[in-house]
Every structure is written in C-alpha cells, then in structure tokens.
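Enquirer:
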Amino acid sequence: GPDGMEKFCDDIGVEPENVVMLVLAYKMGATQMGFFSRCEWLKGLTELECDSAAKMQSKLDYLKSILNDPNIFKSIYRYAYDFAKDSDQRSMDIITAKAMLALLLGKHWPLYPYFAQFLDQSKYKVINKDQWCNILEFSRTINNELTNYDIDGACEYSIQYAK
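7 is the number that the working numbering gives to position 7 of the sequence shown; each next residue is one higher, with no gaps.
As structure tokens, then:
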C-alpha cells in the first residue's frame with residue numbers, strides 16, 4: 001500500500017512523484033497508483049534483475065533513459081492515463097490530468113506552461129482518453145511558434161474540448 005510504497009521510495013532515494021516511479025510502475029504492469037501487487041512486484045523485479053534496493057538504485061538511470069525512446073515514451077504516456085485515473089471512471093479528472101501532464105511533458109514540451117494555463121482557465125472537469133492521446137500528438141507535431149497549427153484541424157477540436 002501507500003506506506004510500503006513510501007518506504008520503497010525512501011529505500012531507493014526517489015520521490016514518489018518522480019517520473020522514474022511511473023516508468024517502474026509501467027515495467028511492473030501495475031494497475032493502481034501507489035500500490036504494487038505481489039505479482040506485479042515480482043514480475044517487475046525479475047524483469048529488472050533486482051533483488052535489493054541497491055540494485056534498484058543502479059537501474060534508475062536506465063529507467064529514466066527509456067523515456068528518450070519516442071515509442072516507449074508513447075506507450076508509457078498512454079499507460080499513465082489508465083494508471084492514474086480512478087478505475088471506476090471513464091475519464092481522468094482535470095487535477096490528476098494536469099499533474100500527470102506536468103510529470104510527463106512539463107520539462108520537455110516548451111509550450112506546456114501555456115497549455116497548463118489553458119487548462120487552468122477552462123471550466124471542464126475531465127479529460128477522456130482520446131483527448132489525452134491527442135495532447136501528446138499535439139506536443140510532438142505542432143512547432144513552438146504554432147505556425148504549423150491548423151485552427152480547423154482535428155487537433156483543435158480535441159484540444160478545445162480537452163478542458
């Protein structure tokens with residue numbers, strides 16, 4: 001549970017909100033934020049060949065580095081949606097979505113601060129999975145000056161209603 005997760009993070013010297021914990025959850029196939037089932041735990045540690053906190057610490061750079069692969073990043077980004085939203089909800093609440101977007105895109109997407117401001121000013125309370133995926137696509141395809149942005153394009157519709 002959360003107490004065990006907190007202790008684990010302390011043992012490996014990582015804050016629970018560090019993106020590396022999301023990558024680790026992805027590697028373990030975790031289905032719920034803040035928890036690893038015994039099966040998920042064993043699967044992940046076996047795959048990573050870790051049987052101690054020291055060995056896990058030695059894998060942290062590797063876990064962060066896999067985010068540099070665009071295809072793996074996209075998989076982790078998509079995984080993050082289902083992982084972070086309440087399991088009984090179809091959409092992710094906007095507060096969770098903003099936190100996850102900051103974690104995943106905040107440091108790498110120059111337009112993220114503007115997008116976050118856009119979300120802050122919106123009246124919408126949730127983001128659905130299609131909108132979530134379109135945000136990543138938008139961040140990858142639209143340049144920083146927005147000169148290749150088509151206001152009548154599909155992204156506009158998705159982003160406009162992503163609030």
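For every residue, glycine included, the Cβ atom is placed at its ideal position computed from N, Cα and C.
Quantities reported herein were computed from a predicted structural model and do not represent experimental measurements.
#1: Grab me the residues of Tyr112's own chain with a C-beta within less than 8 Å of its C-beta, minus the 5 sequence neighbours each way, in chain order.
#2: For the ligand MG, is there a heavy atom less than 7 Å away from the beta-carbon of Tyr62?
#3: Across which residues does DSSP place Val126 in a beta bridge pair?
#4: Does the beta-carbon of Tyr114 have 16 or more other beta-carbons within 10 angstroms, so that it is buried, or is it exposed?
#5: Report the three-state DSSP secondary structure of Ala30 (helix, strand or coil).
#6: Can you find the residues in the same chain that come closer than 7 Å, C-beta to C-beta, to Trp173, ignoring five residues on each side of it along the sequence?
#7: Just mark Tyr62 as buried or exposed, buried being the case when its beta carbon has 16 or more other beta carbons within 10 Å.
#8: Could you check if Leu22 is buried or exposed, using at least 16 other CB atoms within 10 Å of its CB as the buried criterion?
#9: At what residues does the alpha helix (DSSP H) containing Glu40 begin and finish?
#10: Looking at C-alpha atoms only, which residue of Glu137, Glu145 and Leu146 is the closest neighbour of Asn71?
#11: Starting from Ile72, trace the alpha helix (DSSP H) in both directions and tell me its first and last residue.
Expert: With the given structure in hand:
#1: For the purposes of this step, residue 112 is taken as the residue at position 112 of the sequence shown. So the list reads Leu101, Ala102, Leu105, Gly106 and Ser139, once near-sequence residues are dropped.
#2: Absent from the structure shown: the ligand MG. Ligands present: none.
#3: Position 126 of the sequence shown holds residue 126. Checking the DSSP bridge columns, you'll see Val126 partnered with Asp93.
#4: What you label residue 114 is simply residue 114 of the sequence shown in a count that begins at 1. Burial call: exposed.
#5: Residue 30 sits at position 30 when you count from the first residue of the sequence shown. Reduced to three states, the DSSP call for Ala30 is coil.
#6: Past the edges of the chain, shown from 1 to 163, lies residue 173, and the structure says nothing about it.
#7: Here residue 62 refers to the residue found at position 62 when the sequence shown is read from its first residue. The residue in question, Tyr62, is exposed, as its Cβ has fewer than 16 Cβ neighbours within 10 Å.
#8: Along the sequence shown, read from residue 1 onward, the residue named residue 22 stands at position 22. By the 10 Å Cβ count, Leu22 comes out buried.
#9: Within the sequence shown, residue 40 is the residue found at index 40, counting from 1. According to the DSSP assignment, Glu40 belongs to the alpha helix (DSSP H) that extends over Arg38 to Leu48.
#10: By one-based count along the sequence shown, residue 71 stands at place 71. Comparing Cα positions, the closest option is Glu137.
#11: As a working mapping, residue 72 is identified with position 72 in the sequence shown. From DSSP, the alpha helix (DSSP H) with Ile72 extends over Pro70 to Ala84.
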